[in-house]
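To keep things clear, I will list the structure first and then write my remarks on it.
In this note's numbering, the protein residues as written are 1337 to 2130.
Written out as structure tokens, the structure reads:
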């Protein structure tokens, strides 16, 4: 049976089989377009949710803005009355630390509310499993979902944790009894990311053991008008609570998360762009060709009086099916794919990860699906509807600029790489060229950024970590003037694998109007020394000189060359900016560095040789081998034995640790880009063989051998790869360096060039090898063309 289908190919006679085939192709095009648009939209929406993950978690939990560490100013029960009446303070939220031995760790610490405000009205956590503690129970605890207990295992509801509270006065003989804490809930809170996670006791513990257990009080602050008032808070806390009391700004420490989520968001946007471009390049071509099927009838129909507009509409009508299918599939895909976004750290932070039916996402998917499918189809139909005299075969403009290649097959292959192949072939060489260049540029950029990440992880001094381990000496071996006793330092320095040692002192004091951790370095009598990282300027050499952290200098409003006031009434000149060891109380870009004599005079009023709590002195150790620090720390600890308290690894800042965890995403994206480039080039080669069968038949008739035909396809592939390398490598290097610079500025880290010639140069032979392997099958198909059969059908 033969039927006339109006509006399908403008009056072409089609059989029922043709109609079914045509409908199937239209539906398949719609499905492919919808999948592409849906995935790209979901990735883009995932990037948007990545950017807002921490903000949404903070809003949902009514998060606090800062913490005032009264314990760092040697206060156990501070008076918060004056601070609570300051105009910038909306609420003072009291909380306490309970010290003791947790699961065998003698330096354990747990957190608890002092009243019903913290973890209830403010910083109310999301309960992931179980329930919140009973505020009257002394043995109930909730733990965050990011901190392992039980010998490194993540806790579960129903687990128990042995806790031996430390006594208020170790010399009195009165000690609280050990308590078996019962885990009743697992919680999700922004405190895990901007402050610290761990275990949270019920207020009932303080009610029962407050008279005998070592408990110290601090306060969280809810600001009246947001982070802009943190400067006022720091100054008022120093006046109202204690001179030099440190204040930690959670909006600044948020960079522990945002430094990583910025990278994840950028990668997801890149993924969305790549998927969209790939779909446009491949599915767009297929859709345009489908709409252009009217081309064979266009001259006749134009002669019968149909206008160009009528031809375009006739070609467009059957593609309504494609548009409808694309919209439905794109919407469904965007919603389903949302469950996999965000990724990485943002996925851990996000309070709402899972399938999200977002009106914005659906609207974007629908609009993009409609616009792209309609636009591409109209463009294909309009091109096909042009009069025949306008559709003239054009020689490739790029190939005319090429030098004459020898032998002839090389020149032909080079032309094939840049030419579309004539009017009737309706295909362009640009998708392969653009795909190859984009793949090379993307891979080089990602490799460059990954080199920067690897360099930062292998050299943590870019974040202020200038040594590998710290040795905690016994209290009897510490003196305020000369640091750790020289005999202990020398014993450490002579251990195998130890490259350099120095004594590092830390004390929180007031500089200007701020409470700042102040460090000093006491060098040993002989041998290499450990130094604090200096970003600019130089180390302090005289007692009236000081190095500040960039954040501290910014808060004080000073630069190198300015003077700052110290707590002893004197002043010091800023001679440089540096990075410092980070801890829960301060960031690595916060702090100060002074000479040992000046430091000892600042710390002397708070130093108690018999029970020192606020003045710290450690031995910093740098190993010659930075890649096996765990084994070396164990060996050093064994060698020092009971002559020291303990040997600990240096904690890397969360910003650096989180960047290490994000490296998987760029690697996956680089592989995806490489596959996309291979698909683009492979598609071009196979399409070239299919479109140019007649050309190959003519060439073989004129004497070109089968080997020559294979050489033409191989040359075409090689030229595409070379073009991709020539354009992609410099673009990738520029983009990669700019991306790494943005990351280091955001964290911040000391910038080191991420360029490594070996990794970039490796892209060139890999690209050439890959395209030549891709060319094997299409080259064989081209060489198997039968000239007699092909030319007879012409």
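Positions of the beta carbon are idealized from the N, C-alpha and C atoms, including for glycine.
Hey, quick one: how far does the alpha helix (DSSP H) through residue 1826 stretch, first residue to last?
1822-1829
Sufficient close CB pairs (3 or more, under 8 Å) joining the segment 2081-2090 to the segment 2016-2029
no
In chain order, what residues of the same chain have a beta carbon less than 6 Å from the beta carbon of residue 1366, not counting five sequence neighbours either side?
1658, 1661 and 1662
Under a three-way DSSP split, which group does residue 1453 fall into?
It is coil, neither helix nor strand.
Please list the terminal residues of the continuous beta strand (DSSP E) segment that includes residue 1935.
Counting along the chain, residue 1935 falls outside any beta strand (DSSP E), though it belongs to the alpha helix (DSSP H) covering 1932-1939.
Near residue 1846, which residues of its chain fall below 8 Å by C-beta distance, leaving aside the five closest residues on each side in sequence?
1574, 1579, 1580, 1852, 1902 and 1903
To test your reading of the DSSP string, which unbroken alpha helix (DSSP H) runs of 4 or more residues are found completely within the segment 1837-1896?
1886-1892
Give every residue of the same chain whose Cβ lies closer than 6 Å to the Cβ of residue 1760, excluding the five residues on either side of it in the sequence, and list them in chain order.
With a pLDDT of 46 at residue 1760, under the threshold of 50, the predicted position of this residue should be treated as unreliable, though the coordinate-derived value follows. Contacts found: none.
Coarse secondary structure for residue 1606, derived from DSSP in three states
helix
Buried or exposed: where does residue 2016 fall if 16 or more other Cβ atoms within 10 Å of its Cβ makes it buried?
Under this definition residue 2016 is a buried residue.
Identity of the residue in 2002, 1440, 1953 and 2075 nearest residue 1813 by Cα:
1953
Considering only the beta carbon of each residue, do residue 1876 and residue 1803 sit closer than 8 Å?
no
How close, in whole Å, do the beta carbons of residue 1594 and residue 1390 come, if the pair is a contact with beta carbons under 8 Å?
7 Å
Stretch pair the segment 1880-1887 + the segment 1911-1928: three plus CB contacts closer than 8 Å:
yes
Mapping DSSP to helix, strand and coil, what is residue 2028?
The answer is coil: DSSP assigns residue 2028 none of H, G, I, E or B.
Can you check whether the CB of residue 1399 is closer than 8 Å to the CB of residue 1539?
Result no, Cβ atoms of residue 1539 and residue 1399 do not sit closer than 8 Å.
Taking its Cβ as the centre, do 16 or more other Cβ atoms sit within 10 Å of residue 1989, making it buried, or is it exposed?
buried
Burial state of residue 1691 (16 or more Cβ within 10 Å)
exposed
Same chain, Cβ closer than 7 Å to residue 1665, neighbours up to 5 away in sequence not counted:
1366, 1367, 1370, 1371 and 1374
Just to confirm before moving on: does the CB-CB distance between residue 2014 and residue 2104 stay below 8 Å?
no
Please report the straight-line C-alpha distance between residue 1491 and residue 1981, rounded to a whole angstrom.
29 Å
Given that a residue counts as buried once 16 or more other Cβ atoms are within 10 Å of its Cβ, and exposed if not, what is residue 1583?
Residue 1583 is buried by the Cβ-count criterion.
Does the segment 1600-1610 touch the segment 1374-1385, meaning 3 or more C-beta pairs lie closer than 8 Å?
yes
What number of angstroms, rounded off, separates the C-alpha of residue 1476 from the C-alpha of residue 1515?
10 Å
DSSP three-state call for residue 1415: helix, strand or coil?
coil
CA-CA distance, residue 1523 and residue 1818?
46 Å
How close, in whole Å, do the beta carbons of residue 1940 and residue 1816 come, if the pair is a contact with beta carbons under 8 Å?
6 Å
What's the gap between the Cα of residue 1705 and the Cα of residue 1614?
15 Å
Use the C-beta contact count for residue 1811: other C-beta atoms within 10 angstroms, 16 or more gives buried, fewer gives exposed.
Exposed, since its Cβ has fewer than 16 Cβ neighbours within 10 Å.
Does the beta-carbon distance from residue 1969 to residue 1985 come in below 8 Å?
Cβ distance < 8 Å, so residue 1969 and residue 1985 count as in contact.
Give me the DSSP bridge partner(s) of residue 1499.
1438 and 1515
Segments of 4+ residues assigned as alpha helix (DSSP H) that fall wholly inside the segment 1642-1698
Taken in chain order, the complete alpha helix (DSSP H) segments of 4 or more residues contained in the segment 1642-1698 are 1644-1652, 1656-1673 and 1680-1685.
Measure from the C-beta of residue 1561 to each C-beta in chain B and report whether the shortest distance is under 8 Å.
Of the chains in the structure shown, none is chain B; there is only one protein chain.
Which of the three DSSP states is assigned to residue 1806 in this structure?
Residue 1806: strand per DSSP, three-state reduction.
Can you pull the DSSP bridge partners for residue 1585?
1402
Roughly how many angstroms separate the alpha carbons of residue 2095 and residue 2073, rounded to a whole number?
So the two alpha carbons sit approximately 14 Å from each other.
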